[in-house]
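Asker: In this note's numbering, the protein residues as written are 277 to 418.
Just so it is clear, CB atoms sit at the ideal spot from N, CA and C, and this is done for glycine as well.
Model, not experiment: these values are computed from the prediction.
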Amino acid sequence: MKVAVGCDHAGFMLKKDVLEVLQELGHEIVDCGTWSDKSVDYPDFGRAVAEQVVKEQVDFGIVMCGTGIGISIAANKVPGIRAALCHDTFSARMSRAHNNANVLAMGSRVIGPGLARDIIRTFLTTEFDGGRHALRVAKLEQ
277 MKVAVGCDHA GFMLKKDVLE VLQELGHEIV DCGTWSDKSV DYPDFGRAVA EQVVKEQVDF
337 GIVMCGTGIG ISIAANKVPG IRAALCHDTF SARMSRAHNN ANVLAMGSRV IGPGLARDII
397 RTFLTTEFDG GRHALRVAKL EQ
């Protein structure tokens, strides 16, 4: 599986853990930045990851900022993106099973690296349920 990862300066420390768990799981990574804790604008990195996903250059995206809110909003501005802000494994599982989320957003000031690892594993291994949920997801695309 190929995963694009992006964050702003506030998400930079968590990004290190994200990259590590993705490598442990054997996924190919596209690093969309940022590459330091120097202040940057989260919309740039949310959009960069989202564009990788909609162009089908990757299977999924993972984005991070301080809360995960701003960068998830930025990613969701790209048509075809269903970015889900998840701070627990239940939300991660349901975002995939019911909403067919294609980008995972997390807040580095909200969760720690251990929980982030569990969320990532859950998000990437949960299949979309389809069925009645497919009809609802289709309405999101209209």
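1. Can you give the Cα-Cα distance for residue 307 and residue 280, rounded to whole angstroms?
2. Return the CA-CA distance between residue 407 and residue 371, expressed in angstroms with no decimal places.
3. Give every residue of the same chain whose Cβ lies closer than 6 Å to the Cβ of residue 394, excluding the five residues on either side of it in the sequence, and list them in chain order.
4. Can the beta-carbon of residue 342 be found less than 9 Å from the beta-carbon of residue 390?
5. Out of 321, 388, 379, 327, which one is the CA nearest neighbour of residue 284?
6. Tell me, to the nearest whole angstrom, how far the beta carbon of residue 399 is from that of residue 362; I am working on the premise that it is less than 8 Å.
7. For residue 387, verify whether its CB is less than 8 Å away from any heavy atom of the ligand FMN.
8. In this structure, how does DSSP classify residue 360 when only helix, strand and coil are distinguished?
9. Please determine, among 385, 297, 412, the residue with the shortest C-alpha to C-alpha distance to residue 376.
10. With DSSP collapsed to three states, give me the class of residue 394.
11. Using CA atoms only, rank isn't needed, just tell me which of 293, 295, 414, 305 is closest to residue 335.
12. May I ask you to report which of helix, strand or coil DSSP gives residue 307?
Answerer: Taking the structure as given:
1. 6 Å
2. 15 Å
3. 365.
4. no
5. 321
6. 7 Å
7. This structure lacks the ligand FMN; in fact it carries no ligand of any kind.
8. strand
9. 412
10. helix
11. 305
12. Strand.
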